[in-house]
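Asker: Just so it is clear: in the sequence shown, position 867 is 866 by numbering that gives the first Met the number 0, and no numbers are missing.
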Amino acid sequence: MSDRLLRVLALVLLAFAAPAGALDRDRSIAQFHHTAWTARDGAPSQISALAQTGDGYLWIGSARGLYRFDGVRFETLQPPPGRSLPSFNVYALATTHEGGLWIAFRPSGLGYLAHGHLQVFEGAQIPPSIVYTLAEDGQGRIWAGTADGLALREGTKWVDVGASWGMARARVWSMLASRDGALWVATTAGIYVLPRRAKQFVRVNDAIGSVHRMAEAPDGKIWVADEGRVSIDRYDSHSYAVAPVVDPAIDGTQINDFMFDRDGSLWIALTRDGIRRVCHPERLDDASAVAMDTYKQADGLTSNAIGLLLEDREGNLWVSTLRGLNRFRHSQLVPVALPPSQQNFTLVADGDGTLWVGGTTSRGADRIDNAVAAGLTAASLVPGSPAGLGSVFTGDRARTGDVWWGDYGGVWRQRGSHFLRFPSPTGMKKDWAWEVMSSGGDGQLWVGYGDDGLWRIDGDGSWQRPATPAGMLERAPSASFTTAKGDRWFGYTANRVAVLSGSTLRSYGVHDGLQIGRIRVIRGGGDPMWLGGETGLSMFSHGRFHTVAVSGVPALGTVCGIIPSRSGDLWLNELHGVVHIDAAEVSALQADPTHVAKAELFDYLDGLPGAPQMNWCSSSAVEASDGRLWFATDNGLAWLDPHRLWRNELPPPVYIRGLVADGKSYAADATIALPPGTANLRLDYTALSLTMPERVNFRYRLDGLDSNWREAGTRRDASYTHLGPGRYTFHVIASNNDGVWNTRGAQMAFEIRPAFYQTGWFLLLCIAVGVGAVLLMLWLRTEQIRSMLRAQMEARHGERERIARELHDTLLQGVQGLILRVHAATRSLGDDHPARRSMDRALDQAEEILVEGRDRLGELRAGAPKHFDLAAALAKLADEQLPHIEFGMTVEGLVRPLAPEAGDEIYQIGREAILNAMRHAQASAIHCRLSYSSHEFVMRIQDDGKGIDPAILDGGRRSGHWGLVGMRERATMLHGQLSIGAGDTGGVLITLSVPAGIAYARRLDRAH
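#1: From what residue to what residue does the alpha helix (DSSP H) around residue 914 run?
#2: Does the count of Cβ pairs from the stretch 697-709 and the stretch 660-674 closer than 8 angstroms reach three?
#3: Between 498, 449 and 448, which lies nearest to residue 468 when the distance is taken from Cα to Cα?
#4: Counting contacts by CB-CB distance shorter than 7 angstroms, is residue 110 in contact with chain B?
#5: With DSSP run on the structure shown, which of helix, strand or coil describes residue 841?
#6: In whole angstroms, what is the alpha-carbon distance linking residue 286 and residue 161?
#7: Would you kindly report the start and end of the unbroken beta strand (DSSP E) that includes residue 118?
#8: Can you tell me where the beta strand (DSSP E) with residue 413 in it begins and where it stops?
#9: When the distance is taken between beta carbons, is residue 137 closer than 7 angstroms to residue 195?
#10: Restricting to Cα atoms, I'd like to know which of 115, 174, 118 and 128 is closest to residue 141.
#11: Buried or exposed: which applies to residue 434, given that a residue is buried once 16 or more other Cβ atoms fall within 10 Å of its Cβ?
#12: Kindly list the residues whose CB is nearer than 6 angstroms to the CB of residue 143, restricted to its own chain and excluding five residues on each side of it in sequence; keep chain order.
#13: Going straight from the alpha carbon of residue 34 to that of residue 28, what length do you get?
#14: For the candidate residues 504, 340 and 427, whose alpha-carbon lies nearest to that of residue 449?
#15: With a threshold of 16 other CB atoms inside 10 Å of the CB of residue 642, please say whether the residue is buried or exposed.
#16: Under the rule that 16 or more other beta-carbon atoms within 10 Å means buried, what is residue 551, buried or exposed?
#17: In terms of alpha-carbon separation, which member of 594, 523, 908 and 609 lies closest to residue 567?
#18: For the candidate residues 888, 662 and 457, whose alpha-carbon lies nearest to that of residue 868?
#19: Using C-beta distances below 6 angstroms, list every residue in its chain close to residue 580, excluding the 5 sequence neighbours before and after it, in chain order.
#20: Is it the case that the Cβ atoms of residue 1009 and residue 236 are separated by a distance below 7 angstroms?
#21: Thinking residue 70 and residue 689 are a contact (beta carbons under 8 angstroms), I'd like their distance in whole angstroms, please.
#22: To the nearest angstrom, report how far apart residue 46 and residue 745 are at their CA atoms.
#23: Buried or exposed: where does residue 632 fall if 16 or more other Cβ atoms within 10 Å of its Cβ makes it buried?
#24: Quick check: the stretch 613-626 against the stretch 310-322, are at least 3 beta-carbon pairs closer than 8 angstroms?
#25: Which residue's Cα is closest to the Cα of residue 178: 216, 110 and 189?
#26: Alpha carbon to alpha carbon, how far is residue 91 from residue 533? Give it in angstroms, no decimals.
#27: Between residue 488 and residue 455, what straight-line distance do the alpha-carbon atoms span, to the nearest angstrom?
#28: Starting from the Cα of residue 684, find the closest Cα among 473, 943, 697 and 885 and give me that residue.
#29: Identify, in the order they occur along the chain, each residue of the same chain with its Cβ nearer than 8 angstroms to the Cβ of residue 108, setting aside the five sequence neighbours on each side.
#30: Among 191, 198, 53 and 874, which has the Cα closest to the Cα of residue 205?
#31: Take every Cβ of the stretch 736-752, pair it with every Cβ of the stretch 91-103, and state whether three or more of those distances are shorter than 8 angstroms.
#32: Quick one: what does DSSP say residue 278 is sitting in, helix, strand or coil?
#33: Could you give the distance in angstroms between the alpha-carbon of residue 554 and the alpha-carbon of residue 603?
#34: Please report the straight-line C-alpha distance between residue 600 and residue 571, rounded to a whole angstrom.
#35: Return helix, strand or coil for residue 984, following the three-state DSSP convention.
#36: Which of helix, strand or coil does DSSP assign to residue 996?
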């Protein structure tokens, strides 16, 4: 399915979605949440047209251009590259069922905007005269009302609609496509109707002036505002019968626009006098006039010069004025203003749904009834009511009907509308009666006075100190409450609570789980009990306190008002606003006090007129008998009907506005390939919920980087730095103000091209260079080791030759001379001399020693030839030295020339191993195996002798012999491994392995 088809389907679903909300007919305009935008907020002024397209954007045509608004940002329409707009002055707008937007420019020119692409029509592509109004009928046809008559778009052309259609050529004022598919056209020649699928217009009235606007009422009647005759007429959509709307509040007014909202209320935009609203326009036929609700610049409108009205898909009402834009929307909390002189409120709900409000200022008590709550009248001061009321007790009202108020210096008893004062005890320092509470069912009251503590007042007004149970604090509590069972709860500072059940006192503190600081308010029916403190909310259940944890709102701060409502919900007047925990979450808390309760917060965005009242907490939140909940703030009161909470069920459409990479902008619908080395990247997105854009939340994820969604909160952009080359897809989803998520969201793919050093071939090249460098380093190291070995061997050979020379020139020559002298002395003796034979034997032995010495010196000076056959050399050695021992030789692999230095050392190790087999192992057979491989040279020599003593292996040598030590030293010089152990079939196995780089001759060596 194509992206364009998906987008069209989404627009259709949005168009036919159930209405999100409406503006309550039982409220005044002032009780809706009003927001204003002017030029300093980026909003256009001199607005001439309003429309909302199916994608959710609000479009604003003005003399300063066409603007698009997502609830947060105003953006001006820019022409396509290489094109210019006919004008920045927009006269009219019309939306289509496909989500497109038709634009009429002043003085000439048309535009059509769809899916982000703008087509501009001029000259022969548009009707010949100025277009005042545009409309789409029930069949999807586009009509243009011009200065010379009506035009219909057929294909790519505009066709004049004249006599053949039954239409007069006259200036068209306005058009309306009714719900039954008909098209209503108001012209200077009269009002015409084209029924659905008809080919001829029907003229229903010709006695009209200038009709700027027509509107369809909930009952299907067409209302026509005739500015020329300053009146409103109603037309029956079937018989076309006309009847005037007779009402003094309407007749004679200059109407610029009017409309019916989805609840049926009539909104009227006056040319120079603000807006008016008739909640029940169906009652305008009554003989008496219906009172109108008004709202003007003095109330907060951007201007009294009203232009247009529009209701969006979520039920918000938009009002344009000469200087800006206004929005009215539903709010959960309804503000009720009180005179500025009334402050620090104490609330008492009466049995008939009314509310009594006392304050600490010089003003008396106010009584608020339904009319005041609806904003129809102002709060009225109760005649004779006292001023400066700071606390209240209503616990005995069911029995006596009395309400007791505390003030500065005494208490008041209220019976109905009559008040009687009882001054504070004689001689007591004057102070506030902070708490008025029950003394325990005997008709007497306890009163807590500031620093003076508790006093008891009897029915005749006499005062005395109460007889409190042992262990009860005498000072005045910071909060008190009496349950329906008569249990009296007293809260104090420093996490202390006392409960009196009859005469039984129970005290609680931190060790019982109470950790909310000074107790500000106590409410409840027994189990659970709810206590609000300086640092949160505590629940008392099953004999223990539990601090309540919440999610979805900030951690609970100071709680000064608590309402456990009759429905089981819990409402708090809390530091951040009004907090709501529903009955299911309350039940979950009772079942598991560690449960984190889901909560919702209502603040100024929901209609709270000020910050919650944090002091004077005796009664700052109450439930009235009609179910309304009342909350005190520092700027008046607010009420909420928990049975009429409006929820926004429409998920917000989500769009990606574009991408900015290293300062360059890219359109969201373009194929984006970013240049190599892109360092900073920002993606801008939005979600179109115009009700409360401040609470639209986002999550985003970048495929190719993020494995999970990122919580963006209300931020409408995502930034990334130093992304690597590759293909990425950015996803974003959003929720509206009530947490309804659009999980489909929007996505955009882009690519960051690699720099040459980030390509695959460059990586392979780097790997190849790296491998080459490693090999070169290994070769250099091998050559270094060879050079070191060659130098060591040359030095060793030199030393051996020097030793051989020294021994020859000294020891051997000396021995030779000694033999000659002894020989001469022997010959001087006769043959039969007794010593002659012994001397001859000694000379023979000396000759043998001399010969052996010469042989040893020859071995010391001799080495392997520079290029020699190791196998042949070892075989020759065995043949000469071991003629009676069987010797075998095996050569494996491709024979390679040995390096001269290495070959000599290997030969000497092999020679020593062969001779040792003969001298010490008494072997009868010796076998040598030479293995040439590409990575090492291995020589194995095994005999069948008696083996080697383990003690010799452990010690490393035979006492007085150094052969084994020399073999190991030679192997170490070769960086090889030498092992000596028992063979598989007995005897000794000696194995020498030498790395190929050391054992074999280099090519250069071979050339020499």
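Ideal Cβ placement from N, Cα and C applies to all residues, glycine included.
Answerer: Working from what's here:
#1: Residue numbering aside, residue 914 sits at position 915 when the sequence shown is read from its first letter. Per DSSP, residue 914 is one residue of the alpha helix (DSSP H) stretching across 899-918.
#2: Three or more beta-carbon pairs separated by less than 8 angstroms are not found between the stretch 697-709 and the stretch 660-674, which leaves the two stretches without contact.
#3: Counting from one through the sequence shown, the residue named residue 468 turns up at place 469. When each option's Cα is compared against that of residue 468, the closest is 498.
#4: Given the protein chain composition of this structure (a single chain), no chain B is represented.
#5: In the sequence shown, counting from the first residue as 1, residue 841 sits at position 842. Note: residue 841 maps to helix in three-state DSSP.
#6: One-based indexing of the sequence shown puts residue 286 at position 287. One-based indexing of the sequence shown puts residue 161 at position 162. For residue 286, the predicted structure reports a pLDDT of 49, less than 50, and the residue's modelled location is therefore unreliable. The matter cannot be settled from this model.
#7: Sequence index remark: in the sequence shown, residue 118 carries index 119 (1-based). Element bounds for residue 118: 116-120.
#8: Here residue 413 is taken as the residue at index 414 of the sequence shown, counted from 1. Note, residue 413: beta strand (DSSP E), 409-414.
#9: Position 196 of the sequence shown, counted from the start, is the residue given in the question as residue 195. Position 138 of the sequence shown, counted from the start, is the residue given in the question as residue 137. Their beta carbons are under 7 angstroms apart, which means residue 195 touches residue 137 by this criterion.
#10: One-based indexing of the sequence shown puts residue 141 at position 142. Measuring from the Cα of residue 141, the nearest candidate turns out to be 174.
#11: Counting from one through the sequence shown, the residue named residue 434 turns up at place 435. By the neighbour-count criterion, in which 16 or more other beta carbons inside 10 Å mark a residue as buried, residue 434 falls on the buried side.
#12: Residue 143 sits at position 144 when you count from the first residue of the sequence shown. Here the set comprises 126, 130, 133 and 150.
#13: Against the sequence shown, residue 34 aligns to sequence position 35. Against the sequence shown, residue 28 aligns to sequence position 29. Taking the Cα positions, residue 34 is about 12 angstroms away from residue 28.
#14: One-based indexing of the sequence shown puts residue 449 at position 450. For the residues 504, 340 and 427, the minimum Cα distance to residue 449 belongs to 427.
#15: The count along the sequence shown starts at 1 and reaches residue 642 at position 643. With fewer than 16 neighbouring CB atoms inside 10 Å of its own CB, residue 642 falls in the exposed class.
#16: On the sequence shown, residue 551 is found 552 positions in, with the first residue counted as 1. Residue 551 is exposed by the Cβ-count criterion.
#17: The residue labelled residue 567 in the question sits at position 568 within the sequence shown. Cα-wise, what sits closest to residue 567 is 523.
#18: Here residue 868 corresponds to residue number 869 of the sequence shown, with the count starting at 1. Among 888, 662 and 457, the Cα nearest to that of residue 868 belongs to 888.
#19: If you number the sequence shown from 1, residue 580 lands on position 581. For residue 580, where only same-chain residues beyond five positions count, the Cβ hits under 6 angstroms are 569, 596 and 598.
#20: Residue 1009 lies beyond the stretch modelled for the chain, which goes from 0 to 1007, so this question has no answer here.
#21: Sequence index remark: in the sequence shown, residue 70 carries index 71 (1-based). Sequence index remark: in the sequence shown, residue 689 carries index 690 (1-based). That pair is a contact at about 5 angstroms.
#22: Start at 1 with the first residue of the sequence shown, and residue 46 comes out as number 47. Start at 1 with the first residue of the sequence shown, and residue 745 comes out as number 746. Roughly 31 angstroms between the two C-alpha positions.
#23: Against the sequence shown, residue 632 aligns to sequence position 633. When all chains shown are included, residue 632 counts as buried.
#24: No contact exists between the stretch 310-322 and the stretch 613-626.
#25: In the sequence shown, residue 178 corresponds to position 179, counting from 1. The option with the nearest alpha carbon to residue 178 is 216.
#26: Residue 533 sits at position 534 when you count from the first residue of the sequence shown. Residue 91 sits at position 92 when you count from the first residue of the sequence shown. Their Cα atoms are separated by approximately 57 angstroms.
#27: Residue numbering aside, residue 488 sits at position 489 when the sequence shown is read from its first letter. Residue numbering aside, residue 455 sits at position 456 when the sequence shown is read from its first letter. Answer to the nearest angstrom: the Cα atoms are 16 angstroms apart.
#28: Counting from one through the sequence shown, the residue named residue 684 turns up at place 685. Taking only the C-alpha atoms, the option nearest residue 684 is 697.
#29: Position 109 of the sequence shown, counting from 1, holds the residue named residue 108. Closer than 8 angstroms at the Cβ level, and outside the excluded window around residue 108, lie 84, 85, 86, 119, 120, 121 and 125.
#30: Counting from 1 along the sequence shown, the entry for residue 205 is found at position 206. If we check each option's Cα against that of residue 205, 191 comes out closest.
#31: The stretch 736-752 vs the stretch 91-103: no contact.
#32: Residue 278 sits at position 279 when you count from the first residue of the sequence shown. Secondary structure at residue 278: coil, using DSSP grouped into helix, strand and coil.
#33: Taking the sequence shown and counting its residues from 1, one reaches residue 554 at position 555. Taking the sequence shown and counting its residues from 1, one reaches residue 603 at position 604. Rounded to the nearest angstrom, the two C-alpha atoms are 18 angstroms apart.
#34: For this step, residue 600 is matched to residue 601 along the sequence shown. For this step, residue 571 is matched to residue 572 along the sequence shown. Each residue's alpha carbon lies about 10 angstroms from the other.
#35: To locate residue 984, count along the sequence shown from 1; it is residue 985. In the structure shown, the three-state DSSP call for residue 984 is coil.
#36: Walking along the sequence shown from the start, residue 996 turns up at place 997. Helix at residue 996.
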